[in-house]
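Numbering (mature numbering (1 follows the signal peptide of the UniProt record, and there is no 0)), first residue to last: -18 to -1, 1 to 62.
Data first, discussion second: the structure below is written as structure tokens.
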């Protein structure tokens, strides 16, 4: 599971890091982009946020104890 979490982190963070290097290497390119390129740039620039959404899903799929505790917390049953 740790390997999967690490791979997802790298895949989510790599586009952001790549864009930051690109922005540092070629300043001013962003201003000359068309609408589609600007939209893709904005999407990739925020790709690191996907990691926060993916982690709970990975834990739910891979960890039985986490899944049971989530079901217990979010169930509408009385504790008595």
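Beta carbons: idealized from backbone N, C-alpha and C, even for Gly.
Remember, it's a predicted structure, so these values are computed and weren't measured experimentally.
Asked: Delimiting residues of the alpha helix (DSSP H) encompassing residue 17; Found: 17 to 27
Asked: Extent of the continuous alpha helix (DSSP H) to which residue 43 belongs; Found: 32 to 44
Asked: Three CB pairs or more closer than 8 Å across the stretch -17 to -7 and the stretch 27 to 45; Found: yes
Asked: Pick from 43, 56 and 24 that is closest to residue 2, judged by C-alpha positions; Found: 24
Asked: First and last residue of the uninterrupted alpha helix (DSSP H) at residue 10; Found: Neither: residue 10 is in no alpha helix (DSSP H) and is coded neither H nor E.
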